[in-house]
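Q: Its first residue numbered 1, the sequence shown is counted upward by one per residue in UniProt numbering. Positions of the beta carbon are idealized from the N, C-alpha and C atoms, including for glycine.
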Amino acid sequence: MTDTPLLLAIDEGTTSTRVVAFDLSGCIVATEGAPITQHYPQPGWVEHDAAEIWTKTEACLTAVAQRVGVGRIAAIGLTNQRETVVFWDRHSGEPLAPAIVWQDRRSADLCAELREEGLEPDVQAKTGLLLDPYFSGTKIAWAIENWPAVARAAKAGSLAIGTIDSYLLFRLTGGKVHVTDATNAARTLLMDLATCEWDEGMIERLGVPRAALPEIVDCAGALGEVELLGRRVPIAGCAGDQQAAAIGQGCLTPGLVKATYGTGAFVLAQAGDKPPVSANRLLSTVAWRLDGQAAYALEGSIFVAGSAIQWLRDRLNIIEDAAETEGLARSVPDNGGVHFVPAFAGLGAPHWRADARGLLTGLTGGTTRAHIVRACLEAMSQQTADLFDALASDGVAPARLRVDGGMVANDWVCQDLADMLAMTVERPKVIETTALGAAMLAGVGVGLFDDLAAAQAMWQADRIFTPALDGKTRRERRAGWKKAVERVLL
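Written out as structure tokens, the structure reads:
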């Protein structure tokens, strides 16, 4: 039926903005996307133009609404790159400075200073996070200290601060709403994980203007309305991209783990209704919050995944297209002793070494580009295995992995994950699971689904990969990888 309701998802990522329309069976009806420009003003700094993000989001949203008919849109869900922080004027909505991207490392010195003060145990106990430039709070502190326009707006009371979800919700609603959902707030270093409220101690220590922060709200419900082609459409779902992907993958119970392989890679394991505590430097975070009740997860972050493939293509010029990597990896029986640790922006979990840098080792006269490409792909499964070892040590026993993101279109990558984890890996029919999770939340928010469990009818499996590697080879490969990582950490 052409008049059946649709759910739209705005998926604002690190390298692109996409809008996807889903029917209630989870099939994609229409999609529109646009690239986001990356700015690198100096080594270790990564910025976005928030005005560009808004303009392209608005254009993609309008294009999809025109294509499917705005009357069919039951609700809109939003998901976004997390930790990236925006500074804007609360009256005009215009950005006051560049958005500082999650990959940015400019606040590394401040994080080191806080660690030297002995604050990290308390920070982890309160927020579930570690003191790393990855998170928004120290980015905000840096901006207040170094950007006069931001400091002046804070003093004048006209400053609004928020992650990408907060900024887009503000712009979509014409400035009527300044909120952030609990999953995004959980990534700022400023939220008390147990209460899902801003922590006054962290706000004061980092010098963040409290009045500039958004209100923390649930992930589904009446978040606002957007004027779209002459009709007011409810915005009814919101979650950070990794939490949205976990929802879109149906990882609602312990044992089911999702991993998203995009620019970076992120493993999320549902951990129940109380904040988990990691002894292995994994992050405790909010999986979702509905009706005021939070569910929690343990998360491991890999800073470099798909961006390593881009590096092979754009910097080394050894491939012309990412699609080549599968054939190249299959063309050699093993990595030829080559290991690639892609620590371009430090190492994430479980190491959390901002100072680490990448390493390509084991090169010989017989090394070919196929060996280098294979080592690059193997780094994805090896880093994932590191995170699964940490999860198991923390008492969260992964039983099955569901994968998504652009890299998992590569069958070799999925099989290598199954082999290195010794675990079944499931790939969904729709790998846009980040957008799907946002759509599911929107469906719950307007009552099309009673709860997230009912919304899981939108998820369908495409292919299941089972382990085919013998234990001896697996152990040898893990040992070779660990030696390479040890060299990086020296």
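Please state the DSSP three-state secondary structure of His-351.
A: Start at 1 with the first residue of the sequence shown, and residue 351 comes out as number 351. Three-state result, His-351: coil.
Q: If I'm right that Glu-32 touches Val-64 with Cβ under 8 Å, what's the distance once you round it to whole angstroms?
A: Position 32 of the sequence shown, counted from the start, is the residue given in the question as residue 32. Position 64 of the sequence shown, counted from the start, is the residue given in the question as residue 64. Yes, Glu-32 and Val-64 are in contact; Cβ-Cβ is about 5 Å, under 8 Å.
Q: Helix, strand or coil for Pro-98 per DSSP?
A: Residue numbering aside, residue 98 sits at position 98 when the sequence shown is read from its first letter. Looking at Pro-98 - three-state DSSP - the assignment turns out to be coil, as it is neither helix nor strand.
Q: Rounded to the nearest angstrom, what separates Leu-206 and Ala-141 at their Cα positions?
A: Along the sequence shown, read from residue 1 onward, the residue named residue 206 stands at position 206. Along the sequence shown, read from residue 1 onward, the residue named residue 141 stands at position 141. So the alpha carbons of these two residues sit roughly 6 Å apart.
Q: Please confirm whether Thr-195 has its beta-carbon closer than 8 Å to some beta-carbon of chain B.
A: This model lacks chain B altogether; it includes just one protein chain.
Q: Are the beta-carbon atoms of Ile-121 and Arg-72 separated by less than 8 Å?
A: Position 121 of the sequence shown, counted from the start, is the residue given in the question as residue 121. Position 72 of the sequence shown, counted from the start, is the residue given in the question as residue 72. Inspection of the sequence shows that residue 121 is occupied by Pro rather than by Ile. No, Cβ-Cβ distance for Pro-121 and Arg-72 is not below 8 Å.
Q: According to DSSP, simplified to helix, strand and coil, what is Asn-80?
A: Taking the first residue of the sequence shown as 1, we reach residue 80 at position 80. Reduced to three states, the DSSP call for Asn-80 is strand.
Q: Please state the DSSP three-state secondary structure of Pro-234.
A: For the purposes of this step, residue 234 is identified with residue 234 of the sequence shown, where counting begins at 1. In the structure shown, Pro-234 sits in a strand (DSSP, three-state: E or B).
Q: Relative to the alpha-carbon of Pro-214, which residue among Gly-250, Ala-385 and Gly-175 has its alpha-carbon at the smallest distance?
A: Working through the sequence shown from its first residue, we reach residue 214 at position 214. It is Gly-175.
Q: State yes or no: is the C-beta of Gly-118 within less than 8 Å of the C-beta of Ser-284?
A: In the sequence shown, counting from the first residue as 1, residue 118 sits at position 118. In the sequence shown, counting from the first residue as 1, residue 284 sits at position 284. No, these two residues do not count as a Cβ contact at 8 Å.
Q: Less than 8 Å between the CB atoms is what I'm expecting for Trp-102 and Thr-84, so what's the real figure, rounded?
A: Residue 102 sits at position 102 when you count from the first residue of the sequence shown. Residue 84 sits at position 84 when you count from the first residue of the sequence shown. Right, the Cβ-Cβ distance comes to about 5 Å (below 8 Å), so this counts as a contact.
Q: Below 8 Å between beta carbons: does that hold for Gly-445 and Gly-262?
A: For the purposes of this step, residue 445 is identified with residue 445 of the sequence shown, where counting begins at 1. For the purposes of this step, residue 262 is identified with residue 262 of the sequence shown, where counting begins at 1. No; because the gap between Cβ atoms is not below 8 Å, this pair is not in contact.
Q: If we require 4 or more residues per run, which alpha helix (DSSP H) segments fall completely within the stretch 344-399?
A: Taking only runs of at least 4 residues, the alpha helix (DSSP H) segments lying wholly in the stretch 344-399 are 369-393.
Q: Excluding five sequence neighbours on each side, which residues of the same chain lie with their C-beta closer than 6 Å to the C-beta of Arg-18?
A: Residue mapping note: residue 18 aligns to position 18 of the sequence shown, counting from 1. Excluding residues within five positions, the ones whose Cβ falls inside 6 Å are Asp-11 and Gly-33.
Q: Name the two residues that bound the continuous beta strand (DSSP E) containing Leu-61.
A: Within the sequence shown, residue 61 is the residue found at index 61, counting from 1. Run containing Leu-61: none in the beta strand (DSSP E); it sits in the alpha helix (DSSP H), 50-68.
Q: Let me know if Glu-486 comes out buried or exposed under the rule of 16 or more other beta-carbons within 10 Å of its beta-carbon.
A: Taking the first residue of the sequence shown as position 1, residue 486 is located at position 486. Answer is exposed; the Cβ neighbour count stays below 16.
Q: Can you tell me the Cα-Cα spacing of Ala-375 and Ile-36, whole angstroms?
A: Numbered from its first residue, the sequence shown carries residue 375 at position 375. Numbered from its first residue, the sequence shown carries residue 36 at position 36. Roughly 28 Å separates the two Cα atoms.
Q: Taking the beta carbon of Thr-195 as the centre, do at least 16 other beta carbons fall within 10 Å, making it buried, or is it exposed?
A: Counted from its first residue, the sequence shown places residue 195 at position 195. A residue is called buried once 16 or more other Cβ atoms fall within 10 Å of its Cβ, and Thr-195, having fewer, is exposed.
Q: Since Asp-386 contacts Pro-428 with CB under 8 Å, what's their CB separation in whole angstroms?
A: Walking along the sequence shown from the start, residue 386 turns up at place 386. Walking along the sequence shown from the start, residue 428 turns up at place 428. That pair is no contact at about 24 Å.
Q: Roughly how many angstroms separate the alpha carbons of Asp-241 and Val-338, rounded to a whole number?
A: As a working mapping, residue 241 is identified with position 241 in the sequence shown. As a working mapping, residue 338 is identified with position 338 in the sequence shown. Cα to Cα, Asp-241 sits roughly 33 Å from Val-338.
Q: Applying the 10 Å Cβ sphere with the 16-neighbour rule, what's the burial state of Arg-477?
A: Position 477 of the sequence shown, counted from the start, is the residue given in the question as residue 477. Classification for Arg-477: buried.
Q: For the beta strand (DSSP E) holding Glu-215, just list the boundary residues, first then last.
A: Along the sequence shown, read from residue 1 onward, the residue named residue 215 stands at position 215. That run of the beta strand (DSSP E) goes 215-217.
Q: Which partner residues of Trp-412 appear in the DSSP bridge assignment?
A: Indexing the sequence shown from 1 puts residue 412 at position 412. In DSSP, Trp-412 forms no bridge with anything.
Q: Taking the alpha carbon of Pro-275 as the point to measure from, which residue in Asn-317, Ala-297, Asp-291 and Thr-260 has its own alpha carbon closest?
A: As a first step, residue 275 is located in the sequence shown; it is residue number 275 there, counting from the start. That would be Ala-297, whose Cα lies nearest to the Cα of Pro-275.
Q: I'd like to know if the stretch 264-274 and the stretch 310-320 are in contact, where contact means that at least 3 CB-CB pairs between them fall below 8 Å.
A: With a cut-off of 8 Å on Cβ pairs, the stretch 264-274 is not in contact with the stretch 310-320, counting fewer than three such pairs.
Q: DSSP three-state label for Ala-438, please.
A: For the purposes of this step, residue 438 is taken as residue 438 along the sequence shown, with counting starting at 1. Here Ala-438 carries a helix assignment [DSSP, helix/strand/coil].
Q: Based on the DSSP secondary-structure assignment, which residues constitute the bridge partners of Asp-122?
A: Position 122 of the sequence shown, counting from 1, holds the residue named residue 122. Paired residues: none, contrary to the question.
Q: Helix, strand or coil: which one does DSSP assign to Pro-428?
A: Numbered from 1 along the sequence shown, position 428 holds the residue referred to as residue 428. If DSSP states are grouped into helix, strand and coil, Pro-428 belongs with the strands.
Q: Pro-43 by DSSP, collapsed to three states: which one?
A: Mapped onto the sequence shown, residue 43 falls at position 43. In this structure, Pro-43 counts as coil in the three-state DSSP scheme.
Q: How far does the alpha helix (DSSP H) with Phe-170 in it extend, from its first residue to its last?
A: Here the question's residue 170 lines up with position 170 in the sequence shown. Unbroken alpha helix (DSSP H) run through Phe-170: 164-172.
Q: Can you say whether Gln-460 is buried or exposed, counting buried as having 16 or more other CB atoms within 10 angstroms of its CB?
A: In the sequence shown, counting from the first residue as 1, residue 460 sits at position 460. Classification of Gln-460: exposed, given that the 10 Å Cβ count is below 16.
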